[in-house]
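Residue numbers (this note's numbering): 2 to 225.
Accompanying notes for the structure given below.
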Amino acid sequence: MRDLVKKSSRNLKDSPFGISQQLPLEIQKRRKEKLPLLKELRSRDIKAYFVKDKIFVGGKDAHKVFGRSLLMRKDVIKVRPNNEWFDNNCAIAREDFHVARNFFLHHPSDVNRKAYVISRNNYNKMKRKAQFKYKRRKGIELCDLASTEPRKFWSSIKRKVNNECKIDNETMMKHFESILEDSSQDLCEEVRNLIDNTVFDDINVTQLDSEITEDEVVGSIKKN
2 MRDLVKKSSR
12 NLKDSPFGIS
22 QQLPLEIQKR
32 RKEKLPLLKE
42 LRSRDIKAYF
52 VKDKIFVGGK
62 DAHKVFGRSL
72 LMRKDVIKVR
82 PNNEWFDNNC
92 AIAREDFHVA
102 RNFFLHHPSD
112 VNRKAYVISR
122 NNYNKMKRKA
132 QFKYKRRKGI
142 ELCDLASTEP
152 RKFWSSIKRK
162 VNNECKIDNE
172 TMMKHFESIL
182 EDSSQDLCEE
192 VRNLIDNTVF
202 DDINVTQLDS
212 EITEDEVVGS
222 IKKN
């Protein structure tokens, strides 16, 4: 009996999974899949160990401690920040769009498809409005800076256009001053008048926001 125990110990010592060789094959398979994770945790000086096919950290199941993503994912998911113009109305429209789209994908029907298209068009409309308002606001700010603080104006332009611009602000300002001469104030006024123009504020072209049907595409092809 003693010789049998010694022989078993020698076999386990040479085994890559140690005592796991005595476990059922299915558990051995799952342990093998999770072995890289165990090594990674230990490389971070985290006390981790197997209990059958589960990894435990500090006496607790690693799944409960770290969450499901730790079991397989190594890359950190980076959340892309919203654009400066993306306002609360855009966020609400985006949420409605995602809900309608996902519902249509899981429950495809003509009614759900129509709701999905409507929410998509509304989301695009909210984005266009937000971009327009943002550009108008920024345009007015730049015009005010150009009239009152030229150096600050060129600093803002340089930062937005190209972060690797080799031309210093002073050179850029003198160049455009030589082109505009004494007309810079008049030019700012003209730009402000264009920015403040509200003629196009509330124009909504329903046809541009509607879905293009297959019949319309076929009809257009036949005309050409």
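A virtual CB, placed ideally from N, CA and C, is assigned to each residue, including glycine.
Please read these numbers as outputs of a predicted model, since none were measured by experiment.
Exercise. Roughly how many angstroms separate the alpha carbons of G68 and R45, rounded to a whole number?
Worked result: As a first step, residue 68 must be located in the sequence shown, where it is residue number 67. As a first step, residue 45 must be located in the sequence shown, where it is residue number 44. Legend: pLDDT at G68 = 49, less than 50; position of this residue unreliable, value from coordinates given subsequently. For G68 and R45, the distance between alpha carbons rounds to 17 Å.
For this session: Could you check if R43 is buried or exposed, using at least 16 other CB atoms within 10 Å of its CB as the buried criterion?
Result: For the purposes of this step, residue 43 is identified with residue 42 of the sequence shown, where counting begins at 1. Classification for R43: exposed.
For this session: Specify, as a first and last residue, the run of the alpha helix (DSSP H) that V100 falls within.
Result: Taking the sequence shown and counting its residues from 1, one reaches residue 100 at position 99. Segment 89–107, the alpha helix (DSSP H) holding V100.
Problem set entry | Collapsed DSSP secondary structure at V80 in the structure displayed | The residue you call residue 80 lines up with position 79 of the sequence shown. Coil at V80, not helix or strand.
For this session: Check I28 in the structure and name its three-state DSSP category.
Result: In the sequence shown, residue 28 corresponds to position 27, counting from 1. In this structure, I28 counts as helix in the three-state DSSP scheme.
Exercise. With DSSP run on the structure shown, which of helix, strand or coil describes K55?
Worked result: As a position in the sequence shown, residue 55 is number 54, starting the count at 1. The answer is strand: DSSP assigns K55 an E or B state.
Exercise. Buried or exposed: which applies to L143, given that a residue is buried once 16 or more other Cβ atoms fall within 10 Å of its Cβ?
Worked result: Taking the first residue of the sequence shown as position 1, residue 143 is located at position 142. It is buried - the Cβ of L143 has at least 16 other Cβ atoms within 10 Å.
For this session: May I have the straight-line CA-CA distance separating L26 from K53, to the nearest angstrom?
Result: Reading the sequence shown from its first residue, position 25 is the one you call residue 26. Reading the sequence shown from its first residue, position 52 is the one you call residue 53. L26 and K53: Cα-Cα distance of roughly 11 Å.
For this session: Determine the burial state of Y50: buried for a count of at least 16 other Cβ atoms within 10 Å of its Cβ, exposed for fewer.
Result: By 1-based counting over the sequence shown, the position of residue 50 is 49. Exposed, since its Cβ has fewer than 16 Cβ neighbours within 10 Å.
Exercise. Taking the DSSP output, what are the residues bridged to Y50?
Worked result: Reading the sequence shown from its first residue, position 49 is the one you call residue 50. In the DSSP output, where bridge partners are listed per residue, Y50 has F57.
Exercise. Where do the N-terminal and C-terminal ends of the alpha helix (DSSP H) with S110 fall, by residue?
Worked result: Here residue 110 is taken as the residue at index 109 of the sequence shown, counted from 1. Unbroken run through S110: none, as it is neither H nor E.
Exercise. Which class does T214 belong to by DSSP, given the choice of helix, strand or coil?
Worked result: Locating residue 214 in the sequence shown gives position 213, counting from the first residue. Three-state DSSP puts T214 in coil, outside helix and strand.
For this session: Spatial neighbours of S70 within its chain, please: CB distance less than 7 Å, with the 5 preceding and 5 following residues excluded, ordered by chain position.
Result: Here residue 70 corresponds to residue number 69 of the sequence shown, with the count starting at 1. Because the pLDDT of S70 is 41, which lies under 50, any placement of that residue in the model is unreliable, and the question is left without a value.
Problem set entry | Whole-angstrom C-beta distance between Y135 and A94, which should lie under 8 Å | Taking the first residue of the sequence shown as position 1, residue 94 is located at position 93. Taking the first residue of the sequence shown as position 1, residue 135 is located at position 134. Actually they are not in contact, since the Cβ atoms of A94 and Y135 sit about 16 Å apart, beyond 8 Å.
For this session: Please classify R45: does DSSP put it in a helix, a strand, or coil?
Result: On the sequence shown, position 44 is the one that residue 45 refers to. The answer is coil: DSSP assigns R45 none of H, G, I, E or B.
Problem set entry | Cβ-based burial, R152 [other Cβ within 10 Å; buried from 16] | Within the sequence shown, residue 152 is the residue found at index 151, counting from 1. Exposed.
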